[in-house]
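**Student:** I am attaching a structure below and will ask some questions about it afterwards.
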Amino acid sequence: MLNRGRNIEKGRVITRRMFILAAAKILLFAGISSRLYNLQISDREKYEILSDKNRIREWKTPPQRGIIVDNFNKVLASNDRVFQLHLILDEINDFDVTIFKIKNIIGLDQFEIKKLYKKKERLKPWDTLVVSDNLTWEQFSKINLYLHELEGAKPVLSTSRFYPYANDLAHIVGYVGDASPKDLEKPEIKENFVPGLKVGKYGIENSQEKMLIGNYGIKRYEVNASGKRISQIDYIKERQGKKVNLTIDIEIQKYAQELLKGKAGSICAMDIYTGEVVTMASSPTYDPNKFTHGINQKDWQEIKNNPLKPLINKSIAGLYSPGSTFKPLVALAALEYGILDPNKTIRCKGHKHPYELYGVKYHCWKKEGHGYMKLRNAIKQSCDIYFYEMARLLGVDKLSVIAKRYGLGTNVLGDLYNDEKNGLVPDTKWKRRALEQSWYLGETVINGIGQGYIQTTPLQLCLMTAQIANGGYKIKPHIIKDESINYKDVINKIKLDQSNFPLHERNYLDDIKVEFYQRMYHKKSNINFVLDAMFGSTNEQYGTSYKSRYDDPKYQFAGKTGTSQVRRITDLDRELDLDTDQIEYKKRDHALYVAFAPYKDPRYAISVIIEHGGSGSKAAAPLASKLIKRIIDRHKLREQFNNGNTSLA
Amino acid sequence: MLRERIQSSNYSFLDKLRSIDYLLILLIIAIGSISVFAIYSTEGGKFSFYTKNHIIRLSVFFSLFLVLSFVRVSTWYKNAYLFYIVGLVLLITVLFFGISASGATRWINLYFLNLQPSELMKIAVIICFARYYHRIQSSDIQSYKFLIQPIILLIIPCYLVIQQPDLGTSILIAGSGIAIIWLAGLNIKYFVYSGLLLLVSLPFVISVLKPYQKSRILTFFNPDRDPLGAGYQIIQSKIAIGSGGFFGKGYLKGTQSYLEFLPEKHTDFIFTLFSEEFGFLGSIILLFLYILLIYRIINVGLVSRSFFAKLYCFGFATAIFLYVFVNIAMVLGMLPIVGAPLPIMSYGGSSLLSIMLGLSIVMSCKIYNQEQISVY
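What follows is the structure, given as structure tokens:
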């Protein structure tokens, strides 16, 4: 009976709770009803208007790309006016018909039409389809003539990238093209992208995308129920990308490119104090304008199949044995470590009595031999025997410390170019790690004349020369104007430091890290010795580049030739002793030359490499000589311009 | 006396027919017919895929409803836990073998139907709880021992559904379960306390939500935050409903829906379309039909003798109310968009199946309303 009583109580509780719940439900439904009343009766008019013209549609407008200028503000990459044809998709009733009409007017081929259909599939129904982004004036005027027959067609005046110096700058500035899915993953492109926008593919265009791309604009339209634009309600203007200012002098760049015409190779020049790259020519080259609207097959094949490889930026992506251009640095290392007295005499006896080590013979390049050599003469006349012996005494590990310190073995321009190579400065540790072999002394010996494992880019050789020429100070090489560097200060700092001969509180013979604009040498006299020897090499009789010298102290320069072998020289070759022209192109030596100028109070360093050009003194030094004159002639102008700029900033 | 003894009288078939709630059937048919017209309108007045499918499902599930109505209520009682376990197993199956659409994994492919087990769970929780509280004496209800079990039974499916992720269904499952606990007579203070606790922990809860869920909630408070993104649905839905006015724009003339402004117009936003075309008048009538439906279900509970039937009917009525309220409040911009279909109206097989199943149990309660199920 108790249970029954409880059950009755439980039943009552359930029913009571149900009624409370029901009351809540009624309240909430009343809430919904009143909301409905609000929307549909009180605010009806407002929502009716909104419904009638509620569609807000946005069109993104592409920004203009930032321009790229040279040191003197000459425009290297601009935005040119182009004629385009766009199709507003939702204004078209029959896409096939419209395309057919357009095809007849501007003459599209089957391939292009297929591409358009594919493109259309990826777009939203209210997007704009770019039929052609580069119409000729004739096509453009024809379209305008038949415009009334073409629904949704919109002739547009737009801009596209233009490189006025075309071939002269392809490797530095790079080029633009359509964004690939991979490009769209980059945040700076993803955030600012508008369909049809061209993005950087190589070089400055690629690495400075963030600066150059700009911000798109937005046009907002009210659209009626059938999808036609009624009125523009909002327009956020697009913003052009920022200007990128290079340190390149286009006049010198043009001249360097001209000097290289018909050859494969590179010329680099930089300011030995500020680190500004004045020219960085690579040959052969190509026209970056051809890439802007997608390169055609014929042009592409031509570029791709050229055996001299125009696409490779030889200044930073070409790897070469430095050959004898490495000798000043070997001499410097030997002197710094006190390995040998510069007055030590070694006899070079020619091919009949080569240098021997463990039964292996090492020849000097000079068949008849140099005779008795001291260090200065050995640099001047580029005697290999002297350097074999010096390298043997020095050892590869000490040499690599100095070589790395002066700029070899690491890329020069950081992440500006995705294809820049690091090169290689070998040492015993490297060989054990990379090749799992121990180092042979014979490898040290050939390393002494810049052969063997060592690999450098032309720009690295230029940097190396610059850092010796400025008295042994570390500089910051750059190709984009760096506002944070006050050029006057930098030059004064280095020059004052040299005149003061600071006490060295660090041991410069250790493998230490040196800050920018700080000394790298152990003893000043060693640097001076090397510089003097290089002077001899160019300006004294028997010097290897004596023929390319200038006597006018204004242009007088000092340099070092180099001839880098691309294969092993056999005894047969030595016997034949063929001229460069008689050897198959691919087997000819690379010709190299590094120099700095003017000798008194130097300011510029230069490196020249002619692939398979034969000897450095014949193929490379004359080009350097010509370019040095041009650079020095333009120095005053550059100085004035740069000082004017810094005083403004 | 732990074994359950079931007292049952023998009903003749005529008795059974006589005790059928014909008004309830009529209401189902009415709402079902309206839904066919509404779905037809979402397809722009063309008799194609959605309409065809919806009609087929309505007829199949309605027949199923009629057949299952004659299952004894005691059978439902006996199999209540089994029902729950099956639901749970299906939910776990989804976890491993579920098929995905637009970022959520909610369905099992049954070839003729993509079953959404979370929809079945809505009913399973009610029937399971009804059985649970049927047995517990009113004096024991307040004890922690008997409170902790249903809470665990509720948390498991809710957690599984949130993982899918499907916040809306999970909230509805929780709501139905809590409704039964309330009906069973748990002290009000528990509800007040847990309500306060929820309020306090709200910032934390929001912080663990998925980014899209968070943005929906933020958008709810300020739809103009992102008018072309997350706020788009709410704004467009309000415009559609508001522009309907008193009489509506007329059948098949809802411009908002016709011009594809409404997303998911055949599922979650079906009420928007209906309201745009039939206006305030139509909406109130539809709302009234739902109120009537809920009233009839409550009525069945009132005339039933067993606690199980009472708890089930009241609980199910509350669940239906919740579905209707959450859906309509959502499309009216009164609640965040959580993804909850409108019962019977919305296109979707699983939701329709679970509602029909639930209704058939109600009908069985009605037919066997004199059946007494022993508490011991």
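In order, the protein sequence lines correspond to chains A and B.
If you're matching positions, the first sequence starts at 11 in the numbering used here and goes up one per residue.
If you're matching positions, the second sequence starts at -15 in the numbering used here and goes up one per residue.
The beta carbon of each residue, even a glycine, is placed where N, CA and C say it ideally should be.
Name the residues in the segment 136 to 169 of chain B whose C-beta lies less than 9 Å from a C-beta of chain A; which are they?
**Tutor:** A163, W166, L167, A168 and G169
**Student:** May I ask you to list, following chain order, the residues of the segment 287 to 309 of chain B that have a beta carbon less than 7 Å from some beta carbon of chain A?
**Tutor:** F291, K294, L295, F298, T302, F305 and F309
**Student:** Assign A:A199 to one of three DSSP states: helix, strand, or coil.
**Tutor:** Inspection of the sequence shows that residue 199 of chain A is occupied by Ile rather than by Ala. A:I199: helix per DSSP, three-state reduction.
**Student:** Identify which residue in A:A34, A:I51 and A:N81 has its Cα closest to the Cα of A:F651.
**Tutor:** With distances taken between CA atoms, A:F651 lies nearest to A:N81 out of A:A34, A:I51 and A:N81.
**Student:** Show which residues of chain B have a CB atom less than 9 Å away from the CB atom of A:G15.
**Tutor:** None at all; the shortest Cβ gap to chain B is about 10 Å.
**Student:** Can you grab the Cα-Cα spacing for the pair B:E27 / B:M340, in whole Å?
**Tutor:** 25 Å
**Student:** How close, in whole Å, do the beta carbons of B:G285 and B:A163 come, if the pair is a contact with beta carbons under 8 Å?
**Tutor:** Incorrect: roughly 12 Å between the Cβ atoms, too far for contact.
**Student:** Closest to A:G546 by C-alpha separation, out of A:K124, A:N225, A:A568 and A:Y396, would be which residue?
**Tutor:** A:A568
**Student:** Please list the residues of the segment 314 to 329 of chain B that have a C-beta atom closer than 9 Å to any C-beta atom in chain A, keeping them in chain order.
**Tutor:** L316, G317 and M318
**Student:** Distance cutoff 8 Å, beta carbons only. Does A:S43 sit that close to anything in chain B?
**Tutor:** yes
**Student:** Roughly how many angstroms separate the alpha carbons of A:A235 and A:T138, rounded to a whole number?
**Tutor:** Because A:A235 carries a pLDDT of 46, less than 50, the predicted location of this residue cannot be relied on, and the following value inherits that uncertainty. A:A235 and A:T138: Cα-Cα distance of roughly 19 Å.
**Student:** Using a beta-carbon distance cut-off of less than 8 Å, what residues from the segment 266 to 286 of chain B approach chain A?
**Tutor:** S267, I268, L271, I275, I278, I282, G285 and L286
**Student:** Excluding five sequence neighbours on each side, which residues of the same chain lie with their C-beta closer than 8 Å to the C-beta of A:L196?
**Tutor:** Residue 196 of chain A is actually Lys in this sequence, not Leu. Around A:K196: E219.
**Student:** Kindly indicate if chain A contains any beta-carbon less than 8 Å away from that of B:G87.
**Tutor:** no
**Student:** Would you report the Cα separation of A:G328 and A:Y127, rounded to the nearest angstrom?
**Tutor:** Rounded to the nearest angstrom, the two C-alpha atoms are 42 Å apart.
**Student:** Return helix, strand or coil for B:I83, following the three-state DSSP convention.
**Tutor:** Note: B:I83 maps to strand in three-state DSSP.
**Student:** Would you check if there are 3 or more beta carbon pairs closer than 8 Å linking the segment 622 to 630 of chain A to the segment 255 to 270 of chain A?
**Tutor:** no
**Student:** In terms of residue numbering, what span does the beta strand (DSSP E) encompassing A:T138 cover?
**Tutor:** T138 to L145
**Student:** Spatial neighbours of A:M383 within its chain, please: CB distance less than 8 Å, with the 5 preceding and 5 following residues excluded, ordered by chain position.
**Tutor:** A distance below 8 Å between beta-carbons, with the five flanking residues on each side excluded, links A:M383 to the following residues of its chain, in chain order: T355, I356, R357, C358, Q391, C393, I395 and Y396.
**Student:** What does B:K222 touch in chain A if you count any residue whose Cβ is under 8 Å from its own?
**Tutor:** L49 and Y57
**Student:** What does the alpha-carbon distance come out to for the pair B:N372 and B:L48?
**Tutor:** Nothing in the structure corresponds to residue 372 of chain B, since chain B is present only between -15 and 360.
**Student:** Using C-beta distances below 7 Å, list every residue in its chain close to B:L167, excluding the 5 sequence neighbours before and after it, in chain order.
**Tutor:** L295, F298 and G299
**Student:** Taking the alpha carbon of A:L46 as the reference point, which residue from B:D5, B:F264 and B:F292 has its own alpha carbon closest?
**Tutor:** B:F264
**Student:** Would you say B:G226 reaches chain A, if we count a Cβ-Cβ gap shorter than 8 Å as a contact?
**Tutor:** yes
**Student:** Return yes when the Cβ of A:S555 is within less than 8 Å of the Cβ of A:S627, no when it is not.
**Tutor:** yes
**Student:** Assign A:S555 to one of three DSSP states: helix, strand, or coil.
**Tutor:** Assignment of A:S555 by DSSP, reduced to helix, strand and coil, places it in the coil class.
**Student:** Can you tell me whether A:T420 is buried or exposed, with buried defined as 16 or more other CB within 10 angstroms of its CB?
**Tutor:** With fewer than 16 other Cβ atoms within 10 Å, it is exposed.
**Student:** Nearest-angstrom Cα distance between B:I12 and B:L337?
**Tutor:** 13 Å
**Student:** Report the rounded CA-to-CA distance for A:D507 versus A:Y483, giving the unit in angstroms.
**Tutor:** Going from the Cα of A:D507 to the Cα of A:Y483 covers about 10 Å.
**Student:** Expressed to the nearest angstrom, what Euclidean distance is found between the alpha-carbon atoms of B:S53 and B:F305?
**Tutor:** 21 Å
**Student:** Out of A:I30, A:L269, A:I102 and A:L49, point me to the one whose CA is closest to B:E260's CA.
**Tutor:** A:L49
**Student:** For A:G285 versus A:K505, is the C-beta spacing smaller than 8 Å?
**Tutor:** Between A:G285 and A:K505, the C-beta spacing is not below 8 Å.
**Student:** How close, in whole Å, do the beta carbons of A:L86 and A:L179 come, if the pair is a contact with beta carbons under 8 Å?
**Tutor:** 6 Å
**Student:** Residues of chain B with a CB under 8 Å from the CB of A:E19: which are they?
**Tutor:** Correct list: S122.
**Student:** Please list, in chain order, the chain A residues whose beta carbon lies closer than 7 Å to that of B:I312.
**Tutor:** The answer, in chain order, is I42.
**Student:** With a cut-off of 8 Å, does the C-beta of A:F203 fall near any C-beta of chain B?
**Tutor:** no
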